[in-house]
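Engineer: One structure follows; several queries about it will come next.
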Amino acid sequence: MSGSRKRPEPFVGTPLRDMALRACGLIVFRRIVNCIPPLDNIEYLLLQTSYGKHHWTPPKGHVDPGEDDFTTALRETKEEAGLDAQQLLVIDDFVKELHYEVRGKPKKVLYWLAELRDPGTGVTLSDEHQDYRWAKLDEACALAQFKDLQDTLKAAHRHLQAQQEKK
1169 MSGSRKRPEP FVGTPLRDMA LRACGLIVFR RIVNCIPPLD NIEYLLLQTS
1219 YGKHHWTPPK GHVDPGEDDF TTALRETKEE AGLDAQQLLV IDDFVKELHY
1269 EVRGKPKKVL YWLAELRDPG TGVTLSDEHQ DYRWAKLDEA CALAQFKDLQ
1319 DTLKAAHRHL QAQQEKK
């Protein structure tokens, strides 16, 4: 996790009642060894909530008071999927910001991209989730359902492909 991370500007001078809900997470991926074709070796981790409509998302959660965004992303990934910072390699030059409404209130979600160092590492779900799946891009987008999350997954995939082509 070396290098600088893009960090969005914090809210300044915004009345608390007008602030968006804020959440952060990691789009965790793994590379399947000996996959043919080799550019199709990427799978994304999605978690299915155990509440509401049981939607699928990467691990994410709300920012605790005094906590910075990236620390939230790491904490939530550990809490929700059992994956800690030592098991992940964060891609420093990728961060996406999503905006949408939840129960009539604006929500802002930041996602960083992180590779699981050992593709065989197990996932341990929290009580907030009932299932998880490693999925290639098309399946991940079908599970994600929401266009902004689908677009974010596609952007992550393009980013990884561009990195691969540079090697």
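In our numbering, the protein residues as written are 1169 to 1335. Note that CB positions come from ideal geometry on N, CA and C, so glycine has one too.
#1: Do the region 1260 to 1273 and the region 1289 to 1303 make contact, defined as three or more Cβ pairs closer than 8 Å?
#2: Which residue marks the beginning of the beta strand (DSSP E) containing L1251, and which one marks its end?
#3: Classify T1225 as helix, strand or coil using the three-state DSSP reduction.
#4: Helix, strand or coil for E1235 per DSSP?
#5: So T1217 is in the beta strand (DSSP E); what residue range does that whole segment cover?
#6: Can you tell me the Cα-Cα spacing of G1193 and L1214, whole angstroms?
#7: Quick one: does E1333 have its CB under 9 Å from some CB of chain B?
Structural biologist: Taking the geometry as given:
#1: no
#2: Position 83 of the sequence shown, counted from the first residue, corresponds to residue 1251. Unbroken run through L1251: none, as it is neither H nor E.
#3: Taking the first residue of the sequence shown as position 1, residue 1225 is located at position 57. Strand.
#4: Along the sequence shown, one-based indexing puts residue 1235 at 67. Reduced to three states, the DSSP call for E1235 is coil.
#5: Reading the sequence shown from its first residue, position 49 is the one you call residue 1217. Element bounds for T1217: I1210 to T1217.
#6: Counted from its first residue, the sequence shown places residue 1193 at position 25. Counted from its first residue, the sequence shown places residue 1214 at position 46. In a straight line, the C-alpha of G1193 is about 12 Å away from that of L1214.
#7: Among the protein chains of the structure shown there is no chain B, as only one such chain exists.
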